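Chains as they are written, first to last, in our numbering: chain L, 1 to 133; chain F, 134 to 361; chain H, 362 to 928.
Beta carbons are placed, not taken as given, at the ideal position from N, Cα and C, and that holds for glycine.
Source: prediction; values computed, not measured.
Below is one structure, written out as structure tokens; comments come after it.
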Amino acid sequence: MAHDSHSGHHIVSQRVLITVFASLVALTVLTVITAQFVDIGVLNLPLALSIAGLKAMLVVTFFMALKYDNPMNSLILGIGVICVTVFLVFTLFDTAFRGDMPNVDSQTISDTEGRNLNQEAREAREESAGAQH
Amino acid sequence: MSEAVATAEQIHGHDDHPAHLQHHFVTSDQQFEASKMGMWLFLITEILLFSGMFVAYTVYRVWHPEVFQGVSSLLDWRLGGLNTIVLLASSFTVAMSIHFAQKNNQKGLVINLVITLLCACIFLVVKYFEYTGKFSHGIFPGIAYHPHGDYAVYDIPYAGQFFSIYYIMTGIHGFHVLVGIGVFIWITIRAIKGDFTSAYYTPVELTGLYWHLVDIIWIFLFPLLYLI
Amino acid sequence: MSATQTVGTESGRSVSAPVNYLNHDKSIKGWLYTVDHKRIGLMYLATVSIAFLVAGLLALAVRTELFSQGRTIMDADTYNQFFSLHGIMMVFLFIIPSIPAALGNFVMPIQIGAKDVAFPRLNLASYYIFVIGGVLAVTGILVGQIDTGWTFYTPYSSRLGAPVLFLTSAVFIAGFSSILTGLNFIVTIHKMRAPGLTWNRLPLFVWSIYATSIVQVLATPVIGITMVLLFMEKALQIGIFDPALGGDPVLFQHFFWFYSHPAVYIMILPAFGIISDLIGTFSRHEVQGYKFVALSSVAIAFLGFLVWGHHMFVSGQSVVSSIIFSLLTYLIGIPTGVKVLNWVGTMYKGSISLQTPMLYALSFLILFTIGGLTGVMLGVLSVDVHLHDTYFVVAHFHYVMMGGTVIAALGGLHYWWPKMTGKMYNETNGRIAAVLIFIGFNVTFFTQFIMGSKGMPRRYYDYLPEFEIYHMISTIGSFLLAIGLFMAAGGLIASFWRGKKATSNPWKSLTLEWTHTTSPPDPHNFHHTPIVTRGPYDYHLAPEIFGEPGGDGAVVSAQPDTDPVQQ
């Protein structure tokens, strides 16, 4: 039972674990330095997130041993990450562009569509819009 | 029910059937792989749980970038950084504990689990001092956000949103750490009793996966909340 | 759970009936602590049936109130609460767990030739978590007035009192149960299949449960965090969703629909699976386009995550996102159409027998097609702006949820009833009920399409005189529908006393639960793990499999077990 190395039981060596841990600490120091002491303007945010992403990759690959694991588990993680991305990006489609419809108050409606509407309908609409304000 | 079946099998002299193998699995490997896959599925539900808060953070940050950048400097990056290192270390030791379990090294397993447990506690202690420090300046989540004294200048619109998100994110993360501590206590006791060998260490493996995920969440929380 | 208890009951009973999962341990403890997926499935079935009954009675009350203009039987506040409770209970306590947790739990592990699900104790835990969620929901209902509708839109919901706290906790907890069931099923389908049961040989019900489980695992955590945030909004006033505190109510709708749109696929996907099995079995014909039907479920599961914004076309979200969501919504029509075409193709040149389950399957085809096509209409941005929040929407989702899921669940329940209970229900009664349900349903809800397109807004207590005739017809239909449902339920329940004993395979189906287990099945499902050598719908092989006319093709009869270790 000393060396049990059948599928799914890969032993990650101590050397690898120590190297990964050292890199993680180094990246933490790097992200603090770049964010707190060196101002790189608009790149601050992407850089910090890239470093965080890299750290997460290291943890997932070696500490969680996905590199040596059943590919199905990597697929599961991938699908989860894609879902989060969809959630974030599709919500931003709304929140980042909120109010992108051209102004729709009664004035603009009659400006763009007034020719096709008969006079009474337009007046009725403006009246009711006025009543709401 | 499982006991009844195990009894039947003992009667029939199936001594190649290990004690940890449940009756509805055919092999230990099948059971191990199934548990691990279940854990990974659970982990993505955790990721999606946190994703809601990350989305809220992003939306409000996009709407009010200057507020979020401004008030994030209220959080002490030294304490956050310390906690990052502590959690990374605990992640490392938990990976080491699995390594030792796979090599049947009982002592290495227990020592690393205990260190992990200690790191988790240190994390929560640091968090406690951070929270109380903030509370003492009137920095509360939600409507109770009323910074006073030196911090009064931070009483600006949407700063409350930042701290609401901060408290909820770190609070739920802290809750996960707390759950982790509970599980590690249980695992450590079992390890001391010698329940785990290279043939069966599934609980250590699964707890390890959970703990790494808690670490990963913090890896993202740290820069988003403390640094930028 | 002790060994002595099990042994005791076994020796006490070995006199007459063969061992099955119902009679091997009749104690209350044997049910409450069971980890047997079949018993847990039945416990779910009982629980969701109660929820369906209560929520259905609420719907009848709502319909009765709408029978005539003005006050009919209740005041406006009660009406608001009744339709809210109807929605909340139907969605969270009935429809979401109905097919996956009740029928799925019972059938799926047997269909894949497993002794149990991968994590039996987790399965039991998820049942109790569901019960806790249900109890909390009922407490919330008793504590106070919930009239938010099932969607809990902020800021109204976050300003209501304590009942919302109960309801959000209830949804959060019930969501946990849903996650654990989904997780359990995915692992079971991946890791527990019998030898020879490749992905291409899985019954389509298993495929649909698989797709459902993916959605459950990926979407449900988001409603969890949404409920946490809503809870915090109420408890601490954190200002994420309430505009008065600087929050954004539309953001809540994003959060809510990121779960709740995929959740409608949690509700409908398992129904697709049942219908595939029913149409294959009762047409005696291989399901046409097996791979397309199977993979379209998975495609719907993933596409379902990209379209949630079509619930928000009039919410004030950006036009860019409305356009994107509208376009993506059309895509859902493709895999759905693939399914409907293949079901029809399966029946073509099949030898169709119109037994009760098949009647439900045919009802489903008609009703779901109407529901699905009106769904595409509502996905059109410009059309939705007019039809939004009218009875057209109400009719659409009842055609999908009730005409789709509930009808399929009834079909599945009749189909697997002999396997679950060992008793045959009364076929005549079953057929009459099925037809009555079909007629009642259409009278109720087709009328609502018409009044919706004429502008009758949903959720209103009162209406203009020109809508009265439609409301009257709709209410009369709902009573027909209720009579049909009670008849169906009565027929099933009466079978316990009056039903004939079911053979192992009364429908001559080819999936494992019929060919390799007794009715009702053994506590461990199979005497020997089956080895699968053919597809689930190879009805062209039927003469070989079933032998002479009259044989039911069951590999196991009620013989005493030979090798206990194999169990």
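- Distance from the CA atom of H:A437 to the CA atom of H:R820, rounded to whole angstroms, is 11 Å.
- Within a 10 Å sphere around the beta-carbon of F:Y261 sit fewer than 16 other beta-carbons, which makes this residue exposed.
- Within chain L, the residues placing a beta-carbon under 9 Å from that of H:H615 are F87, F90, T91, D94 and T95, ordered along the chain.
- Every alpha helix (DSSP H) of 4 residues or more that sits fully in the stretch 250 to 329 of chain F is shown, in chain order, as 292 to 325.
- Neighbours of L:K55 in chain F, taken as residues whose beta carbon is under 7 Å from its own, are I352 in chain order.
- Among the CB atoms of chain H, one or more fall inside 8 Å of the CB of F:F175.
- In the DSSP assignment, H:A660 falls within the unbroken alpha helix (DSSP H) covering Y651 to L664.
- From the beta-carbon of F:G213, no residue of chain H is found nearer than 7 Å; the closest lies around 21 Å away.
- For H:G536, no Cβ of chain L is located within less than 8 Å of the residue's own Cβ.
- The beta carbons of F:P151 and F:Y333 sit about 7 Å from each other, so the pair counts as a contact at 8 Å.
- Nearest neighbour of F:V192 by Cα position, chosen from H:F602, H:V583 and H:G543, turns out to be H:F602.
- A direct Cα-to-Cα measurement between F:L182 and H:Y760 gives close to 32 Å.
- Contact annotation for H:F480 against chain F: G171 [CB-CB distance below 7 Å, chain order].
- When secondary structure is reduced to three states using DSSP, H:N381 falls in the coil class, being assigned neither helix nor strand.
- For L:R98, a Cβ of chain H is located within less than 8 Å of the residue's own Cβ.
- A distance below 8 Å between beta-carbons, with the five flanking residues on each side excluded, links F:F158 to the following residues of its chain, in chain order: Q164 and A167.
- From the beta-carbon of L:M101, the residues of chain H found nearer than 8 Å are S679 and V680.
- Collapsing the DSSP output to three states places H:P904 in a helix.
- Contact with chain H is found for F:V192, since one of that chain's Cβ atoms lies less than 8 Å from the residue's Cβ.
- For the pair H:H757 and H:I811, the Cα-to-Cα distance works out to about 11 Å.
- Among the residues facing chain L, F:H232 is included, as its CB has a counterpart in that chain under 8 Å away.
- The secondary-structure analysis by DSSP pairs H:P818 across a beta bridge with H:T751.
- Here DSSP, grouped into helix, strand and coil, assigns F:K236 to coil.
- At least one beta carbon of chain F lies nearer than 8 Å to the beta carbon of H:V578.
- Against chain L, a Cβ distance below 8 Å from F:F187 picks out V84 and L88.
- Boundaries of the alpha helix (DSSP H) harbouring H:G852: E829 to R859, taken from the DSSP string.
- If you check each beta-carbon in the stretch 289 to 317 of chain F against every beta-carbon of chain H, the ones closer than 7 Å belong to P290, Y291, G293, Q294, S297 and I301.
- By the CB criterion at 8 Å, H:M848 and H:L797 fall inside the cutoff.
- Any Cβ of chain L closer than 8 Å to the Cβ of H:F753 would place that residue at the interface, and such an atom is absent.
- For H:Y517, the enclosing alpha helix (DSSP H) begins and ends at Y517 to R520.
- Contact annotation, L:L88 with F:F295: C-beta distance approximately 18 Å; criterion of less than 8 Å not satisfied.
- Listed as beta-bridge partners of H:D883 by DSSP are H:N886.
- In this chain, the alpha helix (DSSP H) harbouring F:S205 covers P198 to S205.
- Just measuring C-alpha positions, the residue of F:L346, F:G327 and F:I318 sitting nearest F:I248 is F:I318.
- When DSSP states are grouped into helix, strand and coil, F:Y333 belongs to the strand group.
- The beta carbon of H:I627 is closer than 6 Å to those of I457, T573, V576 and Q577 in its chain, skipping five residues each way along the sequence.
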